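Residue numbers (the numbering used here): 444 to 1092.
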């Protein structure tokens, strides 16, 4: 028995339906009218709306912005608005809710009267000459012939020059729309002929809202943290964000989860970044390295970890001055809560130091042969510097320590221990123990010690640069420490250095001489014109050729040498002559007096060619009878000293 299978003719000839080609989200949800463009570009939409309503339509537009913010899409929507036509409306308008006759073809880039040209592949004068020849002809079916030139900055100089005349006075049926990411490369002669619109980066909050809307239409579930990660990675570009969202949907099998997105992008867990920041500001090197190792093993890139750490540092700094920064939807809950806690606890100087070190450490890590090792070295530097005092605090502490009369070197028996711990000395301040903050780690150089309230602090020994090191001694250990000779509660106070009052520039010069600062002494003599001086305040006039650092150097040295705070300012008043000018004027006056002396005049007349080279006053004669004697020293043209070297009068 034979089985016979029959098929109907209709089934044999029926065409097999092919599945529709998949369109990526960036193309599928490309904006089609101005209402869609409101995401992030409200100023431009408002300007175009008012221009269309009043009929003030320009002949050329320049759209600029970073990649993916919608420059080409905006150009097509603008071309559609210029050529909008329906059964009821036949004029340019921004109300494009009802598709017109030309809308579909324009948005798909196939309309005969809307010519799109990529300047990156059409850069020469020949391409522009072709445009110039075509603008004479009226559009085939639309109202305007619109030329959209993308990446216009790629045109050559000859092409720009050839376009200028047509761009300034085009036919009334022609409109130009330019788009570029490098606005600075466009000649100013072209920019002056266009209305310019800067398409700004789309905020992360707006991107999250856009992603949520699109996923709702696609029927895809997503975690809020995952969308925030994609929005941050997009860096203000809607196209980049939608491309990443497409990838995340495929990566997660239709579900956009935070862990999947983190793995896809090679990101670090934001909560773990916050933990790493906490270890850094506490100065815990071991915990910071362990946390980094865990993130690295989980797949996070070393440079990405440092970049995220810099982002959180920036967030904490912003929260310190603006609590509204926590309202950003792209932030996770842990970033909001712990960021606020850190902003209240960490000083601005510390945050600024971490930020600067990360800015230098990130490129080092990216260019290093071993990125993980480079990142660990950056973290070690960060944790080591966490408790370092700011430059202002360090200078103040050194000033206090150098000016204190309570500290003196340790006794001979108080040396360093076997373990490298600095030995102790004694400190007193008028019979009481001084309280201070311990100096940054001696020897090994890690960590710092801070004295508790009520605990005496002693200078342990002098460092190489002469600064006293301090170590806290608990109250309970004082008797034993005193017996061991580590603490002396009754030292002899060192005599305080006398403070010399400064009343003139000469006093400042003498102070420079006393402290062996010859350079500052020379600068003060040559450039300082005294206007006013009083304790802690100096006003002076300096010439234009004076060194730029003279004021700051002089202020710093005066504070160091006198032990008081000084305010050194530059005044517009002329002030007194400089010491060099005063000495030169006095010398000239002595020469004039000597020339008028009869004996000197007779000698100069007796020896032709002789001249005076110096005039001195004998101090001994002044002290004896208060009648100064002028001593003129003359020499001949040959340089020989004349007989009677000193001509006395």
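Glycine is no exception: its CB is placed at the ideal position from the N, C-alpha and C atoms. Quantities reported herein were computed from a predicted structural model and do not represent experimental measurements.
When the beta-carbon positions are compared, residue 832 and residue 824 stay at least 8 Å from each other. For residue 592, the enclosing beta strand (DSSP E) begins and ends at 588–593.
By the beta-carbon neighbour count (other beta carbons within 10 angstroms, threshold 16), residue 1021 is buried. Counting along the chain, no alpha helix (DSSP H) covers residue 529, and no H or E run does either. Less than 8 Å divides the Cβ of residue 500 from the Cβ of residue 535. At the C-beta level, residue 468 and residue 517 stay beyond 8 Å of one another. By the Cβ criterion, the segment 714–732 is not in contact with the segment 678–687, since fewer than three pairs of Cβ atoms, one from each stretch, lie closer than 8 Å. When the alpha-carbon of residue 702 is set against those of 658, 670, 527, 541, the nearest one is in 670. Secondary structure of residue 1039 (DSSP, three-state): coil. In this structure residue 674 touches residue 651 by the C-beta definition: roughly 5 Å separates them, less than 8 Å. DSSP lists 620, 638 as the bridge partner or partners of residue 504. Per DSSP, reduced to three states, the secondary structure at residue 950 is helical. Across the set 646, 1013, 811, the C-alpha of 646 shows the shortest separation from the C-alpha of residue 509. Residue 561 is bridged by DSSP to 593. With a threshold of 16 other beta carbon atoms within 10 Å, residue 465 falls short and is exposed.
In the structure shown, residue 533 adopts coil according to DSSP, grouped into three states.
Residue 1007 is positioned such that its CB atom lies closer than 8 Å to that of residue 979. Here the alpha carbon of residue 811 sits roughly 15 Å from the alpha carbon of residue 750.
Classified as buried, residue 797 has 16 or more neighbouring CB atoms from the shown chains inside 10 Å of its CB. In terms of CA proximity to residue 520, 550 leads the group 512, 1013, 505, 550. Positions of the alpha helix (DSSP H) runs, each at least 4 residues long and wholly inside the segment 656–729, are given as 667–677, 681–694, 701–708, 713–725 in order along the chain.
DSSP places residue 1054 in the uninterrupted beta strand (DSSP E) bounded by 1054–1060.
Of the other Cβ atoms in all chains shown, fewer than 16 fall within 10 Å of the Cβ of residue 764; this residue is therefore exposed.
Per DSSP, the beta-bridge partners of residue 982 are 975, 1012.
Per DSSP, reduced to three states, the secondary structure at residue 471 is helical. Only residues of its own chain outside the window of five on either side were considered, and among them 972, 973 have a CB closer than 7 Å to the CB of residue 1019, listed in chain order. Apart from the 5 residues on each side of it in sequence, residue 807 sits with its Cβ closer than 6 Å to the Cβ of 817 in its chain, given in chain order. Secondary structure of residue 1050 (DSSP, three-state): coil. In the DSSP assignment, residue 966 falls within the alpha helix (DSSP H) that extends over 961–970. Membership of residue 612 in any alpha helix (DSSP H) is not indicated, and neither H nor E is assigned to it by DSSP. From the listed residues 1031, 727, 737, the smallest Cα separation to residue 828 is found for 727. Per DSSP, the unbroken alpha helix (DSSP H) holding residue 817 starts and ends at 814–827. About 14 Å separates the CB atoms of residue 598 and residue 503; that is not less than 8 Å, and the two are not in contact. Residue 968 counts as buried, since no fewer than 16 other beta carbons sit within 10 angstroms of its beta carbon. Residue 575 carries a helical assignment under DSSP once its states are collapsed to helix, strand and coil. Per DSSP, reduced to three states, the secondary structure at residue 777 is helical.
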